[in-house]
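Following the numbering used here, the numbering of the sequence shown begins with 167 at its first residue and continues without gaps. C-beta atoms are modelled at their ideal positions from N, C-alpha and C, and glycine is treated no differently.
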Amino acid sequence: MFYRTNSQQISDFLYGHNIAEAIKNAFCYRLNYRIKPTGVENSFGPVNKYLRNAARTSQNQETLINIESMRKEPDAILISPNANINNLEIKSKKIGSLEDFLRNPNNKKEIKRVLYHYPAARFLYVDVEKKKLASISGLLPLIENCQYENWNAPWTWIEGIPNEEAYEKWINEYIFDPLALAANKIVSRSSTKTKTKIEIDF
C-alpha cells in the first residue's frame, strides 16, 4: 500500500473542503439559497476522529449503524428562494460520461450507502480540471435515461439558472475562477515564506 504522510492526507481534506465551500457560496451569494452546513465534519467535527476509531473497533450493531448514518450525512441542506430543498452531497471527481459512471460498481455502491440513510439526497460531482458539474438524483433510478438531465444539464434542477449560458457564467464566476484565484494566492504567499520560516525555526 502506498504510504501517505499526514500532510498529504490533510491536503486531500482541505482540497475537498474548499471545493464544497465554493459550491455552497455560489448557491448562497448568487442564487440566494439559504445554506445549512451538515455532514460529519460540521455536525460531528469534534468527535469525528473518535467515530472513525469506534467504527473500526466496536462490535455493537446499534453503534455501528448509528455511526454509519452520522458519517454518511450529506454536506449541506440547500433551501431555494421558493423553499425547495436539496440535501446535497458534494464530491470532487473527474467527470466523464454518465454511461461510464453508472457502469462502475463502486460509484453505485457509494451512492446506495448514502441513500440508505438519506433517500432524497442529491449528489453533486465537481471536476475542477474540466470546470464541470454533474449530478445524480437519489429519487430517480440509477439508469442512464432517468439521470441524463441531472448529469448533462445541471441548470435544469438548479433554481435561478434559466439556461446553459447563465449556468456557464455562474460556475465560472462563482466556483471555478474563485477556486483558481485562491489556490494561486496560497501558492504565491507560501512558496518562499515557508522555506524561510523553516530555515529560521531550525
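Keeping to the same chain, check which residues put their C-beta closer than 6 Å to that of residue i; ignore five residues upstream and five downstream.
i, result
"residue 203", "242"
"residue 256", "186, 189, 241, 290"
"residue 300", "261, 291, 317"
"residue 312", "306"
"residue 228", "none"
"residue 179", "none"
"residue 214", "206"
"residue 283", "235, 238"
Using C-beta distances below 8 Å, list every residue in its chain close to residue i, excluding the 5 sequence neighbours before and after it, in chain order.
i, result
"residue 194", "200, 201"
"residue 338", "297"
"residue 126", "Because the chain in this structure spans residues 167 to 368, residue 126 falls outside the shown range and cannot be described."
"residue 209", "236, 239"
"residue 247", "197, 198, 199, 325, 326"
"residue 295", "260"
"residue 223", "none"
"residue 348", "184"
What whole-angstrom Cβ distance do residue i and residue j have, given they're in contact under 8 Å?
i, j, result
"residue 189", "residue 341", "6 Å"
"residue 251", "residue 244", "7 Å"
"residue 261", "residue 293", "4 Å"
"residue 264", "residue 317", "4 Å"
"residue 315", "residue 268", "Their Cβ separation, rounded to whole angstroms, is 14 Å, which puts residue 315 and residue 268 out of contact at 8 Å."
"residue 287", "residue 280", "5 Å"
"residue 274", "residue 308", "6 Å"
Considering only residues of the same chain and omitting the five flanking positions on each side of residue i, which have a CB-CB separation below 7 Å?
i, result
"residue 333", "320, 321, 327"
"residue 336", "192, 196, 327"
"residue 221", "230, 233"
"residue 171", "none"
Run through the DSSP bridge pairs and tell me what residue i is partnered with.
i, result
"residue 292", "258, 299"
"residue 242", "203, 254"
"residue 287", "253"
Buried or exposed for residue i, going by 16 or more other Cβ atoms inside 10 Å?
i, result
"residue 186", "buried"
"residue 169", "exposed"
"residue 289", "buried"
"residue 211", "exposed"
"residue 345", "buried"
"residue 302", "buried"
When the cut-off is 9 Å and only beta carbons count, does residue i lie next to chain C?
i, result
"residue 227", "Checking the listed chains, one finds no chain C in this structure; it contains a single protein chain."
Taking only runs that begin and end inside the stretch 170-239, name each unbroken alpha helix (DSSP H) of 4 or more residues, in chain order. 172-195, 205-209, 214-223, 227-237
What ranges does the alpha helix (DSSP H) occupy inside the stretch 301-331, keeping only unbroken runs of at least 4 residues that lie completely in it? 310-318
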